[in-house]
Amino acid sequence: MQYPCFSSRIRGVVLALCAAMLNTTAAAQNPLAPIYVVHKDVTYARDVAPIMQQKCQTCHQPGSIAPISLLTYDDAKKYARRIRAKVSDRLMPPWHIDRTIGIQQFKDDRSLTDAQVAAIVDWVDAGTPMGDPRDLPPAITFPDPNRWQLAEKLGQPDLIIRSKPYTLAPHTQDKWYRPVVETGLKEARWVRAIEVKPVRANDRKIVHHVLAYLLQDEDGVTGLASSAHDHQSNAGLFMEWAVGKTGQIFPEDAGKLMLPNSRIRWEVHMHAIGEEFKDSQVELAVYFYPKGYVPQHRTVLRMFDVSRGSELDIPPNEKTVTQNFYVLQAPARLENFQPHMHMRGKAMSLEAIYPDGRKEVLSQVSNFQWQWHINYVYATEVAPLLPKGTTLAFTAWHDNTAANLNNPDPGQWIGWGDRTVDEMAHNWIDVTYLEQAEFDKLVAARKATLPRKVVP
Ligand code: HEC
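Numbering of the sequence shown is given in our numbering, commencing with residue 749 and proceeding in unit increments.
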């Protein structure tokens, strides 16, 4: 069931437009006139329970990744204050893209609408009323937390590749485990979707991130589908994973190329939490396009370094800004935005500076949370189309003061490093290079349909 009301806060008063109200006479007379009613009687059963089901419980249930269960009324009542705080600060559900800057349409957006936030806040402020239990939505059965999330859309993967097992001691320094494994692939195939995860959902507690590099001999691999490939004649990174990330399905005209006898070089960053994790493994699901299908474009996951690696220099009790710039050598479409920083990471933005000098901020995360590496995948109709010669300008902000609630020690000098107490700043973006003619065609189609100006 959808939350039936749309509401907004104006001068502290909650105004709500309820779907049910649309049948009133006034609405019938003038369907465009807004009908605002103060929404006073929010109840758990009718208004809050459906939100918990749709937006919270996959993670907030026993055996999943969140620390508290939110399956029942009693759970929600018990944690009401914390829920109100996390939801109104937009820390939960984890989705930290700035809602006032840049592109706003994403695939798999798990955030709450303004109306849903207002409903939860009002419910807590009203003293957490249960309401009429007959309004409760039927309980839902949740899928196995160990499952492939893409299975819902694509079925079981065509190929599963596992890292070698590693046992992490209860107390130890952060570990970077880098085994190389064979893919077992005997022919070239184009990849349609990829998902990475720890084999056991519970191991998400220790696996900070996973990188999977595709190792293959690219000599002689040119002109496979398009000459635009020549701008990126290497396999690049196959997939990156960190807590909060789901699988990725590439747009229909794009994919990744896997060659026979390829191998995966894993990098698994683990973080001890006081208990032993025996034989921890991560795994990769690969979904292929049908045999013989060659997508028009080859997409490559690229790491855009923002803070110029070792130049990162964050004094105690200070905030810093770093920037880096890349000029696109061919027209391109960006498929996603995924900032990566650590505990002092505060914000990151991506601005396009077009060849004619016009500028546009494409995306910004203003309240970065290092525990969450969320991949904001642009909806197909708004994924930025950028002409050759566009500069990608990345800006990263680090906050090493006590005002940053994630900061374990504002007295430390911080430099670049692999540990979560060191810093980084980069962005993982899947870049799809386009041929000029196709780019022009896509841009023309966009211009016809979009209010937002996407090209000069
Ligand atoms: C993608 C998984 C996920 C979703 C969806 C999610 N949470 Fe969480 N939540 C977590 C994890 C993991 C933590 C602990 C780490 C953190 O705080 O970031 C957490 C922490 C919390 C906490 C703090 C718990 C404590 O111990 O104090 C609250 C409250 C909370 N979530 C409420 C919610 C609510 C309400 C929703 C839905 C509107 C929601 N969460 C959706 C995963 C999730």
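Note that CB positions come from ideal geometry on N, CA and C, so glycine has one too.
- Excluding the 5 residues flanking it on each side, Pro1103 has same chain C-beta neighbours closer than 8 Å at Pro1135, Lys1136, Gly1137, Thr1138 and Pro1204, in chain order.
- Beyond the five residues adjoining it in sequence on each side, Phe854 comes within less than 8 Å, by CB distance, of Ile845, Tyr1124, Val1125, Tyr1126 and Ala1127 in the same chain, given in chain order.
- Residue pairing for Asp1147: DSSP places it in a beta bridge opposite Lys1067.
- Taking C-beta atoms under 8 Å as the contact rule, Trp938 and Gly995 fail to qualify, at a distance of about 16 Å.
- Distances from the CA of Gly1105 to each of Val1048, Ala1141, Asp922 and Asp883 were compared; the closest alpha carbon is that of Ala1141.
- If you compare the alpha carbons of Ala1144, Ile831 and Tyr1035 with that of Val1054, the shortest gap goes to Ala1144.
- Proximity of the region 1043 to 1051 to the region 943 to 958 falls short of the contact definition, fewer than three beta-carbon pairs being nearer than 8 Å.
- Contact between Ala824 and Tyr792 holds: CB atoms are separated by about 6 Å, below the 8 Å threshold.
- Distances from the CA of Pro905 to each of Val1179, Gly811, Arg794 and Ala1033 were compared; the closest alpha carbon is that of Ala1033.
- By alpha-carbon distance to Ala936, the top candidate from Pro1079, Lys1039 and Ala1173 is Lys1039.
- Across the set Tyr821, Gln1119, Arg1092 and Arg832, the C-alpha of Arg1092 shows the shortest separation from the C-alpha of Trp1161.
- Remark: fewer than three beta-carbon pairs, one from each stretch, lie closer than 8 Å, so the region 892 to 905 and the region 1009 to 1021 are not flagged as touching.
- In chain order, Asp1027 and Gln1029 place their CB closer than 6 Å to the CB of Pro913, counting only its own chain and leaving out the 5 sequence neighbours on each side.
- Straight-line measurement puts the Cα of Lys834 at about 26 Å from the Cα of Thr1068.
- At a cut-off of 7 Å, the beta-carbon of Gln1119 counts as near ligand 1: some heavy atom of the ligand is closer than that.
- Here the distance from the Cβ of Ile954 to the nearest heavy atom of ligand 1 is not below 7 Å.
- The alpha-carbon separation between Ala828 and Leu884 amounts to approximately 18 Å.
- For Pro798, the three-state secondary structure derived from DSSP is helix.
- As the crow flies, the alpha-carbon of Arg910 is around 4 Å from that of Glu1031.
- It is roughly 40 Å from the alpha-carbon of Leu1082 to the alpha-carbon of Ala917.
- Looking only at Glu1099, Glu1066, Phe998 and Glu1171, the smallest Cα-Cα distance to Tyr1074 is reached by Glu1099.
- Each of Asn1155, Ile851, Trp1120 and Glu1059 was checked against the Cα of Asn1065, and the nearest Cα belongs to Asn1155.
- Going by DSSP, Ser836 is part of the alpha helix (DSSP H) stretching over Ala828 to Ser836.
- Remark: the C-beta of Arg858 is in contact range of ligand 1, defined as less than 7 Å to any heavy atom.
- Excluding five sequence positions before and after Asn1152, none of the CB atoms of its chain fall closer than 6 Å to its own CB.
- When beta bridges are read from the DSSP output, Pro946 appears opposite Val1030.
- The Cβ atoms of Ala1173 and Leu1060 lie closer than 8 Å to each other.
- Nearest Cα to Gln802 within the set Phe890, Ala874, Glu1108 and Ala1078: Phe890.
- DSSP places Tyr1102 in the coil class of the three-state scheme, outside both helix and strand.
- Classified as exposed, Gly1163 has fewer than 16 neighbouring CB atoms from the shown chains inside 10 Å of its CB.
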